[in-house]
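Chemist: Submitted below is the structure of interest, expressed as structure tokens.
Residue numbers (the numbering used here), protein chains in the order written: chain A, 1 to 219; chain B, 1001 to 1504.
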């Protein structure tokens, strides 16, 4: 597959080719993610498509997974909040990873980190969709199948993300794992800072609101 | 328990926090309803009343010269009600003429014969055996009295001789039940090893059914690290004492205990059903634990978990618990699912100030209020009778009739989970699996849904076995044939004889 890198593809052909390349990355993570950036086999369009598919499946799962596995309290469901549960950690991960690795000889650029992470979602898309349909044909006694396979898709994706980071930054295995852990810490730090930021903004606004109220009361 | 926050990750909560900060705080005061139930999600669902107050009977309605004072115990047998008027040291036997009219048969304040005191001192509970002998927990006199139906002394049960008991402990029997062989089980203040069990000849035969001790592992570590003096100040890990006991018509003992807030939050049951060995065999298949209210927050001056101070078991295996914290009644069916909840603290009819005991005659309920010094009688409404009919018909095996009753229940209350599951179970027994699945799915009954689905799937596969085999064969044969044709084609194309011709 590596051999037949064709030059001079039309944009459409390039898109299809890069989308197919996600399958190659899934089965040959090290080789695949190296070529993703170094051989320019991946495109942002394909990465966006995979992310969009992952988000779509996450929403579809709400409605079409059997209630044995997914009980949805519709009254409390905010679809944007629900989507944010993928997009927000993804953003933090990409920013945190790039921010750290760029200081320590990481070769990957911000966009490439994003692209590789999105490519790593492929198993989630490929496993969760059939699993969602399958869930409607089982009983409680057979529920273990579902949970195991579902867990597998998440673990697979996580391993792919780790492998991808190592390849695009040209890190050794040990250094790669170290920076994965460091990135997780970086995410926590960012959450902490964001929380402080938002509470400060809220208090600031509350101050001016109460000031306004007081003024109106006096006048 | 587990459900609501299944998919809300921390980050969503974090975003939520920032959103909430910008929103004005709105106090949400909903109108309180008398009867309610909890749905699958733990939301309060209003319900039509299953019971209505028939009458509140105070001392004057009963025609007593000396007013009731702090009544503690109530026992019903046949049409008779025995009331322990603890504050006045007397037992009152009442005859139920109708739920609105209780006649005083006799007022007893002393026994005949026996060597101990002839009068009672703070009698807290009473029980009547099948043979008609009366057992009285005479708390102030540290004894359980066994007297015949005319209150002639027969026997007494005293403090158990057990090495593990503190010799200084004063025996204070509080609540008691008697089984068919006249063995006595009693709860005594200060004894937390379980129920004190006496054989029918009066000998103490052991403690049964102590509540399991539960503690946090963090507490355990603290305790290990603490010094002797510190340890003494820490709360010790001991079983909780039971609040009350009741023996059902099958001889099983229902025991209630007060739960701590942690236990209530971790969904521990407040009711235990003890078999002869003292093991808990209560079925708890409901969405929530058997323990009263789910929301422990303060409201109207009351907070914390419900304290189930008494329980009574009807012949259809529905047991009604009495909460002395918020003055409410909670009923559960044999599967541990809530049938109804109603009541409250207050002075109106149907509300209580300090309820202490509950009993039933048929489907009627009698609740003793120790502060109000009254007995409130409840009779089932039309809706309540429908629910009971549906449950009883199902137990008898009349599934279609049960389904019809549940349908009528659902017509009156569309938010009643038991009705959906009841219809589903009736349909399941009538082998209408697909319809049953629909009802179970609506109320998230996974076990029953799986039962129905398993049968439905089996039927479906049996009906379509021809198609399934055909499709599998096609799936295998088609690629096989295509592969075969391709290989033949390839062989023909590459055969030597043709190549030779081409070369020419």
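Built from N, CA and C at the ideal position, the CB exists for glycine as well. Only a predicted model underlies this, so the values are computations on that prediction, with no experimental measurement involved.
In this structure, does DSSP put residue 1017 of chain B in helix, strand or coil?
Modeler: Confidence at residue 1017 of chain B is low in this model, with a pLDDT of 45, below 50, so its placement is unreliable and no value can be given for it.
Chemist: Are the CB atoms of residue 1309 of chain B and residue 1243 of chain B nearer to each other than 7 Å?
Modeler: Going by C-beta atoms, residue 1309 of chain B is nearer than 7 Å to residue 1243 of chain B.
Chemist: Near residue 1458 of chain B, which residues of its chain fall below 6 Å by C-beta distance, leaving aside the five closest residues on each side in sequence?
Modeler: Nothing meets the Cβ criterion.
Chemist: Return the first residue and the last residue of the alpha helix (DSSP H) that residue 1321 of chain B is part of.
Modeler: Run containing residue 1321 of chain B: none in the alpha helix (DSSP H); it sits in the beta strand (DSSP E), 1319 to 1323.
Chemist: Could you check where the beta strand (DSSP E) with residue 1135 of chain B kicks off and where it finishes?
Modeler: Here the beta strand (DSSP E) through residue 1135 of chain B covers 1134 to 1138.
Chemist: Identify, in the order they occur along the chain, each residue of the same chain with its Cβ nearer than 8 Å to the Cβ of residue 1148 of chain B, setting aside the five sequence neighbours on each side.
Modeler: Within the same chain, residue 1148 of chain B has close Cβ partners 1132, 1133, 1134, 1154.
Chemist: Helix, strand or coil for residue 1159 of chain B? Go by DSSP, reduced to three states.
Modeler: Correct three-state label for residue 1159 of chain B: coil.
Chemist: Would residue 1337 of chain B pass as an interface residue toward chain A - the criterion being a Cβ-Cβ separation below 7 Å?
Modeler: No, no contact with chain A.
Chemist: Among residues of its own chain, excluding the 5 on either side of residue 1269 of chain B, which ones have a beta-carbon nearer than 7 Å to its beta-carbon?
Modeler: So the list reads 1282, 1284, 1289, 1290, 1291, once near-sequence residues are dropped.
Chemist: Output yes if chain A places a C-beta closer than 7 Å to the C-beta of residue 992 of chain B; else output no.
Modeler: Any answer about residue 992 of chain B is impossible in this case: the structure gives chain B only from 1001 up to 1504.
Chemist: Let's test the definition: count the other Cβ atoms within 10 Å of the Cβ of residue 1485 of chain B and tell me whether it reaches 16, buried, or not, exposed.
Modeler: Residue 1485 of chain B should be labelled exposed.
Chemist: Mind pulling the chain A residues with CB within less than 8 Å of residue 1490 of chain B?
Modeler: Ordered by position in chain A, no residue passes the 8 Å Cβ test against residue 1490 of chain B, which lies about 22 Å from the chain.
Chemist: Taking contact to mean at least 3 C-beta pairs separated by less than 8 Å, is the segment 127 to 134 of chain A in contact with the segment 80 to 92 of chain A?
Modeler: With the cut-off at 8 Å, the segment 127 to 134 of chain A and the segment 80 to 92 of chain A do not touch.
Chemist: Contact between the segment 37 to 47 of chain A and the segment 122 to 131 of chain A is defined here as three or more beta-carbon pairs at a separation below 8 Å; is this criterion met?
Modeler: Taking 8 Å as the limit for Cβ pairs, the verdict is that the segment 122 to 131 of chain A does not touch the segment 37 to 47 of chain A.
Chemist: Are the C-beta of residue 212 of chain A and some C-beta of chain B separated by less than 7 Å?
Modeler: So no, residue 212 of chain A is outside the interface.
Chemist: Whole angstroms are fine: how far does the CA of residue 1104 of chain B sit from the CA of residue 1063 of chain B?
Modeler: The alpha-carbon atoms of residue 1063 of chain B and residue 1104 of chain B are separated by roughly 8 Å.
Chemist: I'd like the ranges of any alpha helix (DSSP H) spanning at least 4 consecutive residues and lying wholly in the segment 15 to 72 of chain A.
Modeler: Correct list: 29 to 38, 44 to 64.
Chemist: Name the DSSP bridge partner or partners of residue 1257 of chain B?
Modeler: Its beta-bridge partners are B:1242.
Chemist: Select from B:1295, B:1363, B:1240 the residue whose C-alpha is nearest the C-alpha of residue 1313 of chain B.
Modeler: Ranking the options by Cα distance to residue 1313 of chain B, first place goes to B:1363.
Chemist: Using a C-beta cutoff of 7 Å, does residue 1450 of chain B count as contacting chain A?
Modeler: Chain A contact via Cβ: present.
Chemist: Along the chain, where does the alpha helix (DSSP H) that runs through residue 1439 of chain B open and close?
Modeler: Its alpha helix (DSSP H) spans residues 1433 to 1442.
Chemist: Would you please state the rounded distance, in angstroms, between the beta carbons of residue 1073 of chain B and residue 1109 of chain B? I believe it to be under 8 Å.
Modeler: In fact, because the Cβ distance is near 15 Å, the residues do not count as touching under 8 Å.
Chemist: Can you have a look at residue 1439 of chain B and say buried or exposed, based on whether 16 or more other CB atoms are within 10 angstroms of its CB?
Modeler: It is buried - the Cβ of residue 1439 of chain B has at least 16 other Cβ atoms within 10 Å.
Chemist: Between residue 1453 of chain B and chain A, is there a C-beta pair that is closer than 7 Å?
Modeler: So, interface residue.
Chemist: At 7 Å on the CB atoms, spell out the chain A contacts of residue 1041 of chain B, in chain order.
Modeler: Within 7 Å Cβ-Cβ: 73.
Chemist: Note down, in chain order, each residue of its chain lying with its Cβ closer than 7 Å to the Cβ of residue 1140 of chain B, except the 5 sequence neighbours on either side.
Modeler: Contacts found: 1121, 1122.
Chemist: Kindly confirm or deny that the segment 1263 to 1279 of chain B and the segment 1220 to 1230 of chain B touch, where touching means at least three C-beta pairs closer than 8 Å.
Modeler: At 8 Å Cβ cutoff, the stretches do not touch.
Chemist: Between the Cα of residue 1176 of chain B and the Cα atoms of B:1164, B:1157, B:1168, which residue gives the shortest distance?
Modeler: Of B:1164, B:1157, B:1168, the residue nearest in Cα terms is B:1157.
Chemist: Any beta carbon from chain A within less than 7 Å of residue 1046 of chain B's own beta carbon?
Modeler: It does not: the Cβ of residue 1046 of chain B has no partner Cβ on chain A nearer than 7 Å.
Chemist: Quick check: residue 1436 of chain B and residue 1419 of chain B, are their CB atoms within less than 7 Å of each other?
Modeler: Contact flag unset, no.
Chemist: Within a Cβ cutoff of 6 Å, which residues of the same chain sit near residue 1403 of chain B, ignoring the five residues on either side of it in sequence?
Modeler: If we look at residue 1403 of chain B and ignore the five residues flanking it on each side, its Cβ neighbours are 1423, 1426.
Chemist: Can you grab the Cα-Cα spacing for the pair residue 207 of chain A / residue 195 of chain A, in whole Å?
Modeler: Cα-Cα distance, rounded: 18 Å.
Chemist: Determine, using beta carbons only, whether residue 183 of chain A comes closer than 7 Å to chain B.
Modeler: No - not a single Cβ of chain B is within 7 Å of the one on residue 183 of chain A.
Chemist: By Cβ distance, which residues of its chain are closer than 8 Å to residue 1019 of chain B, with the 5 residues on each side in sequence left out?
Modeler: In this prediction, residue 1019 of chain B has a pLDDT of 46, which is less than 50 and means its spatial position is unreliable; what the coordinates show is noted afterwards. Around residue 1019 of chain B: no qualifying Cβ.
Chemist: Just to confirm my understanding: we take residue 1207 of chain B, look at its own chain, exclude 5 residues before and 5 after, and list those with CB closer than 6 Å. What are they?
Modeler: Here the set comprises 1193, 1194.
Chemist: Would residue 1441 of chain B count as contacting chain A if we go by Cβ distances under 7 Å?
Modeler: Interface residue, yes.
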